[in-house]
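In what follows, a single structure is set out as structure tokens and then discussed.
Residue numbers (the UniProt record's numbering): 1 to 658.
Quick look at the structure:
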């Protein structure tokens, strides 16, 4: 008996109701819409041809569309989660044998003894800022223990209440506790205190604060139309700063989001920098958070188990080699093991480089956005941000949060993790051979600048040389001159782990399968939407256009939701759509953004540039006085366009600008 015979035999619906249409969107609820894999000869196994059948309200069975997701990282898992919850049959394929993509943990094989887990390596430490909403929502919908409703995975998040900056050319390092900023212009006060503590020249800090305030008060139209075409360095007028501050300006975005201000667009770096600055202007647990244990153990493994329970089918260690096209649609997908699979819809949820390699001329011919991406030089779009972990005999907590090393040649960021993993028990009792008591996880964000202790680029170093250079940079920044100020010593170091996504099999430089998009000026035009022009292909990954607009778990999660929503739209599903949230900025900025919209529509520069302002104090004073005179902050929404237009006309007239 075939699967189709079984469906007809078991279903309360008469056999003539099962019709197999060539296009799944043409069917009604009780008619099986699919050209079965078994019918088409696309699968050897009857189990693979089996479909997810659900009973409708009147007792009849409904055949749900099938989806193949290529890529088991955060984007792919998100798309699978959203779709399976809405009744779709979902298969997820990944080249790796573990799930989670760049977010996954990388246990150091063979290091665990006597029932302990292997030492926890990783691509790079995980952090969850305040503006992460999509990822946190997904955690809140994932049981920490499969089959048990509560607690959910988000309960494993731990707040980081402070941060630190360690400078190599100073004797010590600086802690920064979080504080709430209650008044609109307090952001300038916070920046001033921050720069003073770092002994930054007042002229430098004032100009940079001005540019931050300018970006915050710029409209979306200007950000996309003007700032997208500039680098952050050019927007911030980087050449006007002192050499010391220029180092800071270049380092901070690299340590947080692997972006070089000279390479990344002002729109993208500006938007994310504003979110991070505003994070430090808040208090409470909804700021920067980290995970209370290895990422796979605390989040990804429970997530995959939950998805399995919902019906998602996982296929590990299976590399996609290409898509087949027929009649303007994807007709199937090929894998390296010579397997061929077909489904109603497909989600390509792989890193940018992998997606680029899979975009064939046939696919590009069907979608101009894919053609633009295929024609792009991927090397110009990506950069490296790679993790290394130092396992220590004794724990060195440092600071209750992240430590930044702005003047380190390789743009390092670190966090001491065991202090956040207390719920698991004593570190040495849970991991390794019992000797390791501490763990420093470091992100290396600059792979093209020569090191200090090993005078070569990180890309040109062996793993041992990378360990030597990073360890040396950490000691130079954290250790003081006196014996009692030696935070890190060589005697503390047990071993290290370098991101396994670096492949040294062919020598130096290594191959990196986990590059990060760095959003160069104008790159928004190259990036595709989640819904491709091919009617049964969607894209998910942090290179897809999103509100988040950042190579991150949050960007990937939002992209996965957008792909799921596109499939829901294409199948005319009555299910609710996956939630999508834009980035939020303080409400007090809205009147100034509306004012800037009016200026931009007239082809005028930003208010600060129009007035020739050069310092943040001038800018803040203008905003205060202009608000008091015009009442712009009190403009009612329904009168907004008329009032703001009149204000702009009056302003331009007073300045003698036509």
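C-beta atoms are modelled at their ideal positions from N, C-alpha and C, and glycine is treated no differently.
Every value quoted in this text rests on a predicted model; they were computed, and no experiment measured them.
- Counting along the chain, residue 379 sits inside the alpha helix (DSSP H) bounded by residues 378-381.
- Here DSSP, grouped into helix, strand and coil, assigns residue 120 to strand.
- Annotation for residue 215: no beta strand (DSSP E) segment contains it, though the alpha helix (DSSP H) segment containing it runs 202-216.
- For residue 78, the enclosing alpha helix (DSSP H) begins and ends at 74-84.
- Spatial neighbours of residue 520 in its own chain (CB-CB distance under 7 Å, excluding positions within 5 residues in sequence) are listed in chain order as 263, 264, 265, 380, 381.
- Residue state for residue 231 is assigned as strand, using DSSP reduced to three classes.
- Counting only runs of at least 4 residues, the segment 355-422 fully encloses the following alpha helix (DSSP H) elements, listed from N- to C-terminal order: 361-366, 368-375, 378-381.
- Looking at the backbone, the Cα of residue 619 and that of residue 587 are separated by about 18 Å.
- If you draw a straight line from the Cα of residue 131 to the Cα of residue 275, it is about 7 Å long.
- Between residue 314 and residue 80, the alpha-carbon positions lie close to 10 Å from each other.
- In the DSSP annotation of this structure, residue 595 is not part of any beta strand (DSSP E); the continuous alpha helix (DSSP H) holding it starts and ends at 590-601.
- Listed in chain order, the non-local C-beta contacts of residue 249 below 8 Å within the same chain comprise 208, 233, 236, 238, 241, 261, local neighbours out to five positions each way being set aside.
- Secondary structure note for residue 538: its beta strand (DSSP E) is the uninterrupted segment 537-539.
- Here residue 622 has 607, 608, 611, 613 as same chain residues with Cβ atoms under 8 Å from its own Cβ, once five neighbours each way along the sequence are excluded.
- When secondary structure is reduced to three states using DSSP, residue 465 falls in the helix class.
- Between residue 298 and residue 156, the C-beta spacing is below 7 Å.
- Put simply, the backbone Cα of residue 100 is about 43 Å away from that of residue 481.
- As a beta-bridge residue in DSSP terms, residue 497 pairs with 389.
- Distance check between residue 68 and each of 585, 91, 425, 159 places 91 closest, using alpha-carbon atoms only.
- A residue is called buried once 16 or more other Cβ atoms fall within 10 Å of its Cβ, and residue 126 is buried on that count.
- In the structure shown, residue 443 falls within a strand segment according to DSSP collapsed to helix, strand and coil.
- Counting the other Cβ atoms within 10 Å of the Cβ of residue 511 gives fewer than 16, which makes it exposed.
- Restricting attention to 403, 89, 309, 154, the CA atom closest to the CA of residue 346 is found in 89.
- Spanning the alpha carbons of residue 73 and residue 556 requires a straight line of approximately 8 Å.
- Taking the CA atoms as reference points, residue 526 sits about 28 Å from residue 594.
- Among the bridge pairs identified by DSSP, residue 335 is matched with 320.
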